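Notes follow the structure.
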Amino acid sequence: MPNASKRILVGTAIALLAAAILVFPSLAPNPYILSSGVLVLNYAVLATSWNFVGGFTGYISLGHGALAGLGGYATGLLVVKAGLPSFAALAVAALLVAALAVPLGMAALRVRGASFVIVSIALVLILLLVFQSWASFTGGSRGLVVPRPFDLSRPEHHRVFYYLFAVLLAIAVLAWWLIDRSRFGLGLKSIREDEDKAEALGTPTFAYKLIVFVVSAGFTALAGGLYALWFGDLDPVFQFSILTGSYLVLMALLGGVRNLFGPVAGAILVGTALEYFKVEYGDTPLHLVATGVLLALVVLFMPDGVLPAIGDLLKRLDRTKKSSIREVTAAELAEQRKAAV
Amino acid sequence: MPINSFRAISTATAVFALALGTAGCSGDDQGSSGSSDPIVVGISLPLTGDFSEPGKGVQEGYEAWAKVVNDKGGLLGRQVELKILDDQSNADRVVADYEQLIGKDQVDLVVGPFSTRLVVPSARVAEEYDMLFVEPAGAAKEVFEQGFKNLFYAAPAVANDHYNHLAEHILALPADQRPKTAAYAAMDDPFAQGTAYGLKEKLEAGGVKTVVNEVYPPNTTDFSGIAAKVAAAKADVLVGGSQYQDGVNLIVALQQLGYQPKLAAFSTAPTNPEFAKAIGNKTTGILSPTGYSQDAPYESNKEFVEKFKAQFGKAPEEDQANGYTTGQVVAAAVTAAGCAEQGECQKKLVDWLHSNKVDTVVGPLSWDQTGKPQGAHMIQQWVDNDIKIVLPADVKEADFVYPKPAW
Amino acid sequence: MLLFQSILLGLLLGGLYALLASGLTLYFGIMRVVMIAHSAFLILAAYLAWWMHDRIGVDPLLSMVVTVPLFFAAGVGLQRLLLTRLRPATLTMMSVLLTFAIALTVEGLLGYAFTGTQRRVQLGYSSASFEIFGARIAVVKLIAFVLAVIALSGLYVLMKRTRFGWALRATIQHRDAARLLGIDTERVAGYGFGIGLATAAVGGTALSLDTTIYPSLHWHWIGPLMAIIVVGGLGSVPGAAAAAMVLGMAQSLLQIPMGTTWAQTVFYVALFATLAFRPQGFFGGRLAQRF
Numbered sequence: 090m091p092n093a094s095k096r097i098l099v100g101t102a103i104a105l106l107a108a109a110i111l112v113f114p115s116l117a118p119n120p121y122i123l124s125s126g127v128l129v130l131n132y133a134v135l136a137t138s139w140n141f142v143g144g145f146t147g148y149i150s151l152g153h154g155a156l157a158g159l160g161g162y163a164t165g166l167l168v169v170k171a172g173l174p175s176f177a178a179l180a181v182a183a184l185l186v187a188a189l190a191v192p193l194g195m196a197a198l199r200v201r202g203a204s205f206v207i208v209s210i211a212l213v214l215i216l217l218l219v220f221q222s223w224a225s226f227t228g229g230s231r232g233l234v235v236p237r238p239f240d241l242s243r244p245e246h247h248r249v250f251y252y253l254f255a256v257l258l259a260i261a262v263l264a265w266w267l268i269d270r271s272r273f274g275l276g277l278k279s280i281r282e283d284e285d286k287a288e289a290l291g292t293p294t295f296a297y298k299l300i301v302f303v304v305s306a307g308f309t310a311l312a313g314g315l316y317a318l319w320f321g322d323l324d325p326v327f328q329f330s331i332l333t334g335s336y337l338v339l340m341a342l343l344g345g346v347r348n349l350f351g352p353v354a355g356a357i358l359v360g361t362a363l364e365y366f367k368v369e370y371g372d373t374p375l376h377l378v379a380t381g382v383l384l385a386l387v388v389l390f391m392p393d394g395v396l397p398a399i400g401d402l403l404k405r406l407d408r409t410k411k412s413s414i415r416e417v418t419a420a421e422l423a424e425q426r427k428a429a430v
Numbered sequence: 002m003p004i005n006s007f008r009a010i011s012t013a014t015a016v017f018a019l020a021l022g023t024a025g026c027s028g029d030d031q032g033s034s035g036s037s038d039p040i041v042v043g044i045s046l047p048l049t050g051d052f053s054e055p056g057k058g059v060q061e062g063y064e065a066w067a068k069v070v071n072d073k074g075g076l077l078g079r080q081v082e083l084k085i086l087d088d089q090s091n092a093d094r095v096v097a098d099y100e101q102l103i104g105k106d107q108v109d110l111v112v113g114p115f116s117t118r119l120v121v122p123s124a125r126v127a128e129e130y131d132m133l134f135v136e137p138a139g140a141a142k143e144v145f146e147q148g149f150k151n152l153f154y155a156a157p158a159v160a161n162d163h164y165n166h167l168a169e170h171i172l173a174l175p176a177d178q179r180p181k182t183a184a185y186a187a188m189d190d191p192f193a194q195g196t197a198y199g200l201k202e203k204l205e206a207g208g209v210k211t212v213v214n215e216v217y218p219p220n221t222t223d224f225s226g227i228a229a230k231v232a233a234a235k236a237d238v239l240v241g242g243s244q245y246q247d248g249v250n251l252i253v254a255l256q257q258l259g260y261q262p263k264l265a266a267f268s269t270a271p272t273n274p275e276f277a278k279a280i281g282n283k284t285t286g287i288l289s290p291t292g293y294s295q296d297a298p299y300e301s302n303k304e305f306v307e308k309f310k311a312q313f314g315k316a317p318e319e320d321q322a323n324g325y326t327t328g329q330v331v332a333a334a335v336t337a338a339g340c341a342e343q344g345e346c347q348k349k350l351v352d353w354l355h356s357n358k359v360d361t362v363v364g365p366l367s368w369d370q371t372g373k374p375q376g377a378h379m380i381q382q383w384v385d386n387d388i389k390i391v392l393p394a395d396v397k398e399a400d401f402v403y404p405k406p407a408w
Numbered sequence: 025m026l027l028f029q030s031i032l033l034g035l036l037l038g039g040l041y042a043l044l045a046s047g048l049t050l051y052f053g054i055m056r057v058v059m060i061a062h063s064a065f066l067i068l069a070a071y072l073a074w075w076m077h078d079r080i081g082v083d084p085l086l087s088m089v090v091t092v093p094l095f096f097a098a099g100v101g102l103q104r105l106l107l108t109r110l111r112p113a114t115l116t117m118m119s120v121l122l123t124f125a126i127a128l129t130v131e132g133l134l135g136y137a138f139t140g141t142q143r144r145v146q147l148g149y150s151s152a153s154f155e156i157f158g159a160r161i162a163v164v165k166l167i168a169f170v171l172a173v174i175a176l177s178g179l180y181v182l183m184k185r186t187r188f189g190w191a192l193r194a195t196i197q198h199r200d201a202a203r204l205l206g207i208d209t210e211r212v213a214g215y216g217f218g219i220g221l222a223t224a225a226v227g228g229t230a231l232s233l234d235t236t237i238y239p240s241l242h243w244h245w246i247g248p249l250m251a252i253i254v255v256g257g258l259g260s261v262p263g264a265a266a267a268a269m270v271l272g273m274a275q276s277l278l279q280i281p282m283g284t285t286w287a288q289t290v291f292y293v294a295l296f297a298t299l300a301f302r303p304q305g306f307f308g309g310r311l312a313q314r315f
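Chains A, B and C, in that order, are what the protein sequence lines are.
Under the numbering used here, the residue at position 108 of the first sequence is numbered 197, and the numbers go up by one with no gaps.
Under the numbering used here, the residue at position 380 of the second sequence is numbered 381, and the numbers go up by one with no gaps.
Under the numbering used here, the residue at position 282 of the third sequence is numbered 306, and the numbers go up by one with no gaps.
Structure follows, in structure tokens:
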């Protein structure tokens, strides 16, 4: 396919997606659907934020739910205890979480894979303990009530936050795209493909991993903080839940971690499915089973994502093209490198 | 940009359109409420998760209420229909549930979920849609500090006042018998802590020294550490701010360490039908506050106990009574205001409840402006393998046993 | 007096931790797999013990006759049928996700079958105890501890004294070299996994004797266990056992000044400290450095 027409296609698709997201609130028949839309967008932002680490470096974090919870609590506490205006608190909270991500990343990323995952799970568990126990500061299990930033009726409140999440999603996607195109992004991807070789070739792997982890934590905290301002009630048990992290991984893997819009597609798919099945069939522990089985299937058979797998299948039917497991061929890589210089 | 992006974006768009379509279709399945349509009451309850045990109890209470009302011809001549969702004991879910009930299902009335943690977020949803919100379980004082105007707690007293009669009784004991020290162990839960700390405040003010004060997370399973501390302190009084299983675990751990208090009080746990068996039948002397008694002389209570036994084949407990009471309160308001739908009507219901008294299975209830009920709990005690009311003196079924025999 | 009591409780608790952590670190040694579902199987075994006691009326200890072989087979199957399908290059990461998915599935099925209600085995000797130098030891806790000690000793003898143990250790130390020596490393790895999961069956039975169980309880266990195997040095069974005793004791003693909730943080503090200052762990384990 020629480059120009490809670009037009991609552009049209992005415009369509953006339009669909933007008109959704006016089509939503009632505030409940609108609030589900807010939740799905929240998932989309979180999954995209997760993908800064997961997609670029291949390090899988199950602890991003905790970073979001931390962003939410930091925002809430800054509003309630320090009296900051809501959105100033949101910004400060994101910076604080990003700062905290530095020592965290240093402990987690110094060693490879296994320890990283262990730390990410431990993060959820330890934050749950701390936020539950430190009741005098966090409100403990009594929860923390975050004041509303605007004085609006509930449906209007949903609508405003829907657009705020859409803006945040646009920023996160844009940031991902910029990194993807940069030399920095190339270095990160080389870590994913083979960390030893990347290191041998002089890529400062540790610094790269740390930077992208911090960026990811910052975006996650923004999403968590915005959620806190929207939802209003924070409770440690729900903010620091291991399940949030696993939903994010499922969404990103399902949509495809190497794609700009993969996590968004995954979030819309999984988020909508979660709400739909809940409304139609009620809540049962089978949700866990479904999540578990789906995750296992994806990991076993389509580790690069379901959508890309379907795409590959179509492509194979379409034409007998390259069948490299790598995302780009050596020739394309060289071309990209030339373009980047 | 790799070609895959295009596919991902188009898929995202397609999925989104699909979601939109589903949303659109399922949005308009409820119409207006004509006079012959049933009155739909929306409820979200924890049927799975941490609070599933009491959640199911409350559900039975609601179901018993709906059946009793419908057998008598319904409310305002309309049948009552319950729409119950499961919130998995999860605050995010409970909010989504009420959002769905009010916004999508267009229910006529909503009533409360179980546990304080869930009451506050769900009450806010109801408040912001201007719905009356009578609830069976948010007893902690925080609930009434949120500035809710539409909320009413359908039980005699808030958590901190549960032990008022017991505190009075202990402090009135002659000086040589009065306990000197007390140990408190409470679950990290607003309700459970509320009950224990209400008593703690009063006993401390009366000169009973606090020697142990422990808080444990809701999912604690190993109580040996807490038990070791309580046993080492040899406190005269033991107060457990407990739900069911944690109370049992704590008692068993204390039995293992051979600790014998002179007085032991637990919230909720001792009234559970399986309690005696779970702690090896060594129950005599264990105290518990209760807002409900099957033998209470209130008019509607006899009917409730009878019909409940017929429907479920067992006697109602406090959770069931709380659900039933909630129904009674709503029914009284609906009957008085002559309407039950969203909109203007809800304000009439709220106003009526603020200025009137309602007769229920737990006695007459009335509320202050924050929706806090104005009463106290009775104190029950295990005597001769049965739990009986011992305080206050005017309604007692048995004499107060003190000091408590060994367990 | 309280101190002595806490030391005893810490010792009893540490024994159980040691058994469970050994299984977890064994998987890592064999395949570089962090088996998140280990504690989910632990809870499953506890549920089976409870269920058999509740329905059939057999003592929970007897349930091991069924659960231990069953879990061994499940472990072999898990390794041979699922884990070997993963790409070697991303094995560590993807195996975490896979075992995480299995944990969720087990939790969901338990919730579906037995509801979220907390369960507890009620035994005639549940609250029995005896006194030793002024402190008290509960009979059930002692049984659990003895079970753990027997299982751990069995594991030790198996690893050090048998031909299979020799092959297993060779596989852990250097897989390729072991294969050159004629060891069927695939088969050994499968059996190793089976043994790891069998320890979860024993641990679950021990657990069911004295605590309440509910489906999501496994998250409560996996955190401390992961911390233990990192502190002990990933892949080192003696390291895991030693770290388990030290941390279990620390938790028990810290409960006196800090309370139960804060005392649990000792595991995570130890985890972060280990990763920051000594990633290979404190009790051996050369493997950890690179993973």
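We treat Cβ as the ideally placed atom computed from N, Cα and C, and that holds for glycine.
Note that the structure is predicted; figures quoted are calculated from it, not measured.
Rounded to the nearest angstrom, the gap between the Cα atoms of A/Phe250 and A/Val99 is 28 Å. Counting the other CB atoms within 10 Å of its CB gives B/Glu307 a total below 16, which places it among the exposed residues. Per the Cβ contact rule, the region 374–381 of chain A is not in contact with the region 96–114 of chain C (fewer than 3 Cβ pairs under 8 Å). Neighbourhood of C/Gly247 in chain A, by CB distance below 8 Å: Ile210, Ala211, Leu214 and Ile215, in chain order. Here B/Thr291 carries a strand assignment [DSSP, helix/strand/coil]. A direct Cα-to-Cα measurement between A/Leu156 and B/Ile287 gives close to 44 Å. In this model, C/Gly272 and C/Thr284 are separated by some 13 Å (Cα to Cα). Closer than 7 Å to the CB of A/Ser204 there is at least one CB belonging to chain C.
When the five nearest sequence neighbours on each side are left out, the beta carbons in the same chain lying within less than 6 Å of the beta carbon of B/Ala228 are those of Ala254, Leu255 and Leu258, in order along the chain.
No Cβ-Cβ contact shorter than 7 Å links B/Ala332 with B/Trp353. Taking one beta carbon from each stretch, the region 170–182 of chain B and the region 127–145 of chain B have fewer than 3 pairs nearer than 8 Å; the two do not touch. Chain A places a beta carbon closer than 7 Å to that of B/Glu143, counting this residue as a contact. DSSP places B/Tyr403 in the coil class of the three-state scheme, outside both helix and strand. Collapsing the DSSP output to three states places A/Arg248 in a helix.
For C/Leu299, the closest alpha carbon among the candidates A/Val382, A/Gly194, A/Phe220 and A/Gln328 is that of A/Gly194. Approximately 4 Å separates the beta-carbon atoms of A/Ser138 and A/Phe308; this is inside 8 Å, confirming the contact. Cβ neighbours of A/Leu339 within its own chain (closer than 8 Å, five residues either side excluded): Gly355, Val359, Thr380, Leu383, Leu384 and Val387. Counting of Cβ neighbours within 10 angstroms places B/His166 among the buried residues, the total reaching 16 or more.
For B/Ala394, the closest of B/Ile380, B/Pro404, B/Ile388 and B/Pro298 by C-alpha to C-alpha distance is B/Ile380.
Under DSSP, B/Met188 forms a beta bridge with B/Tyr217. Note: B/Met379 is bridge-paired with B/Thr291 in the DSSP secondary-structure output. For chain C, the residues of the region 85–105 of chain B that bring a beta carbon within less than 9 Å of one of its beta carbons are Gln89 and Ser90, in chain order.
Contacts with chain C at 7 Å (Cβ-Cβ) do not include B/Leu251.
Per DSSP, the beta bridge partners of B/Glu82 are B/Val41.
Annotation: the region 61–120 of chain B contains the following complete segments of the alpha helix (DSSP H) (minimum length 4 residues), in chain order: 92–100.
Those residues of the region 382–394 of chain A placed with their C-beta closer than 7 Å to a C-beta in chain C are Val382, Leu384, Ala385, Val388, Leu389 and Pro392, ordered along the chain. The DSSP assignment places 88–101 and 115–138 as complete runs of the alpha helix (DSSP H) inside the region 70–141 of chain C, in order along the chain (cut-off: 4 residues).
Under the Cβ distance rule, C/Ser153 counts among the residues neighbouring chain B, one pair being separated by less than 7 Å. In chain order, Val186 place their CB closer than 6 Å to the CB of A/Leu159, counting only its own chain and leaving out the 5 sequence neighbours on each side. Its chain contains Phe115 and Asp320 as the residues whose beta carbon lies nearer than 6 Å to that of B/Pro55, once the 5 sequence neighbours on both sides are disregarded; these appear in chain order. With the rule of 3 Cβ pairs closer than 8 Å, the region 85–104 of chain B does not count as touching the region 292–311 of chain B. Residues of the region 279–306 of chain B with a C-beta less than 9 Å from any C-beta of chain C: Ala279, Ile280, Gly281 and Lys283, listed in chain order. Looking at the backbone, the Cα of B/Asn151 and that of A/Val127 are separated by about 26 Å.
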